[in-house]
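Residue numbers (UniProt numbering): 1 to 346.
Note that beta-carbon positions come from the ideal geometry of N, C-alpha and C, so glycine has one too.
Remarks on the structure that follows.
Laid out in structure tokens, this is it:
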């Protein structure tokens, strides 16, 4: 700034684009300060870069203050704020901001609607999602892949799998993300057979699955009761597609075996997994023990969870429910005593 060469807006944009990392927030603030201190005429290009910098760094309040100072609040600025609210778990504020945008002269675009629909999905706000969809139709916006995927995701997360599928089949340019959100919609809402039919259609269309695909496929097998098929899918992930199973995939198989009442197999499966032991896996197993009121295996699960996470009392709550359901009051009293001792030693 001491040089005879005075920076311009292009200079500031270039520098700010290099500050889009939380570790560079201080440098980004200095640039913002330099713009204000130097009395530069901040146009929307610089404003967009500052919004991007603050949002990526998680400084939403700073971004909002900047938004109010922009010379013109265009669709890029509105969308940046709506997207940031949703990204950081403030879906309700994203929808409030979208409602405020609709009262302004600025019209939303496809990217705006993707952000809005994602917030509706996270909140399972079906009513607001339908209103956004209706407004898209009113504006005669083109249903591109991103918007289509966001619609499928919104309807799916809200449990309206029929409308999700009706949107899905109209899309011409689907990628793996689109297929995955439709698969997840079926799997998460108990339509295991439909999810597996969709997966076979995906294979027929030569769409290569990824790790997320198999989480939905394994969940579908679990809800449909297809134990052997689920194990086959897990076994084919690495040799056929080069996908190394993660803890989430193993948890699906634990749930698969547990729902089927094959608790001994599920316990052995957990012990044989080529990953460090996980309390989450044992909690999945414990849920299956609760389903089948198996206090013997429930006690095994609770003990393993205690060793891994001594402060986790949820395992004792589930095991207590099993004992109570079976009328094993002596075991319940002993468990309460052990629980008190463990909590005192933490």
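Taking C-beta separations shorter than 8 Å and ignoring five residues to either side along the sequence, the partners of residue 110 in its chain run 141, 142, 144, 146, 147, following chain order. Its chain contains 190, 192 as the residues whose beta carbon lies nearer than 6 Å to that of residue 223, once the 5 sequence neighbours on both sides are disregarded; these appear in chain order. In the structure shown, the three-state DSSP call for residue 260 is coil. Look at residue 283 here: in three-state DSSP terms it is helix. No Cβ-Cβ contact shorter than 9 Å links residue 99 with residue 117. Where residue 178 is concerned, the enclosing alpha helix (DSSP H) starts and stops at 176-188.
Buried is the label assigned to residue 149, since at least 16 other Cβ atoms lie within 10 Å of its Cβ.
Excluding residues up to 5 positions away in sequence, 186 lie with their Cβ nearer than 7 Å to the Cβ of residue 194 in the same chain. Contact annotation, residue 254 with residue 284: C-beta distance approximately 5 Å; criterion of less than 8 Å satisfied. Rounded to the nearest angstrom, the Cβ distance from residue 281 to residue 241 is 23 Å, too far for a contact under 8 Å.
Straight through space, the alpha carbons of residue 152 and residue 167 are spaced by roughly 6 Å.
Relative to the Cα of residue 246, the nearest Cα in the group 270, 264, 225 belongs to 270. Nearest C-alpha to residue 120 among 95, 180, 214, 60: 95. The continuous alpha helix (DSSP H) containing residue 213 extends over residues 211-224. Nearest Cα to residue 45 within the set 291, 74, 231: 74. The beta-carbon separation of residue 77 and residue 51, rounded to 6 Å, stays under the 8 Å limit for a contact. Taking residue 64 as the centre and dropping the five residues before and after it, the same chain places the C-beta of 81 closer than 8 Å to its C-beta, in chain order. Shown here for residue 88: same chain residues with a beta carbon closer than 7 Å to its own, the five before and five after excluded, namely 58, 60 in chain order. Annotated as proximal: residue 252 and residue 219, with beta-carbon spacing under 9 Å.
Taking C-beta separations shorter than 7 Å and ignoring five residues to either side along the sequence, the partners of residue 154 in its chain run 117, 120, 121, 129, following chain order. Here DSSP, grouped into helix, strand and coil, assigns residue 173 to coil. Bounds of any alpha helix (DSSP H) do not take in residue 278, whose DSSP letter is neither H nor E. Judged by DSSP in its simplified three-state form, residue 246 adopts coil rather than helix or strand. Contact check for residue 302 and residue 258: beta-carbon distance about 15 Å, past the 8 Å limit, so the pair fails to qualify. Across the structure, residue 134 and residue 123 are spaced so that their CA atoms are roughly 18 Å apart. Judged by DSSP in its simplified three-state form, residue 292 adopts helix. Beta-carbon to beta-carbon, residue 182 and residue 198 are separated by about 6 Å, close enough to satisfy the 8 Å threshold.
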